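Enquirer: The structure follows.
Residue numbers (this note's numbering): 40 to 152.
Structural data, given as structure tokens:
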């Protein structure tokens, strides 16, 4: 995180076909975080079901539209009580990363307001 510029972060990327905000590194590439988590496919913000964002035009599926599909996943930290399933280090990493992401989001919202 020390290499993540705070100026102009997060912001939309022109190369993406959406209006989402992205955190970028010094090279202007989207920042990625790799950490253990679980997916909540029943969550309010999950959009991973088949064809959730395809237009319903009544005609056959458009291959171009399929190539542009994106999925939105809702993630949850690993269950802190699941020591019999996950290593302690994975549980700590998962919780710490979620906390860090919440902190980054809060700081970005503070700057906007």
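Beta carbons: idealized from backbone N, C-alpha and C, even for Gly.
These figures come from a predicted structure and were not determined experimentally.
Indicate whether at least one CB of chain C lies closer than 8 Å to the CB of residue 53.
Expert: Absence of chain C from the displayed structure is noted, only one protein chain being present.
Enquirer: Just mark residue 119 as buried or exposed, buried being the case when its beta carbon has 16 or more other beta carbons within 10 Å.
Expert: Exposed, because fewer than 16 other Cβ atoms sit within 10 Å of the Cβ of residue 119.
Enquirer: If residue 49 and residue 60 are in contact, beta carbons under 8 Å, what's the gap, nearest whole angstrom?
Expert: About 4 Å; that satisfies the 8 Å criterion.
Enquirer: In its own chain, which residues sit with a C-beta less than 6 Å from the C-beta of residue 182, not counting the 5 before and 5 after it?
Expert: This structure cannot speak to residue 182, because the chain is shown only from 40 to 152.
Enquirer: Apply the 10 Å Cβ neighbour rule to residue 71 and answer buried if 16 or more other Cβ atoms are within range, or exposed otherwise.
Expert: Answer is exposed; the Cβ neighbour count stays below 16.
Enquirer: Between the C-alpha atoms of residue 122 and residue 146, what's the straight-line distance to the nearest angstrom?
Expert: Each residue's alpha carbon lies about 32 Å from the other.
Enquirer: Let me know the secondary structure DSSP gives residue 103 once reduced to three states.
Expert: In the structure shown, residue 103 sits in a helix (DSSP, three-state: H, G or I).
Enquirer: By a C-beta neighbour count over all protein chains shown, 10 Å radius and 16 as the cutoff for buried, is residue 133 buried or exposed?
Expert: The residue in question, residue 133, is buried, as its Cβ has 16 or more Cβ neighbours within 10 Å.
Enquirer: By Cβ distance, which residues of its chain are closer than 7 Å to residue 137, with the 5 residues on each side in sequence left out?
Expert: Counting only Cβ-Cβ distances below 7 Å, and skipping sequence neighbours, we find 116.
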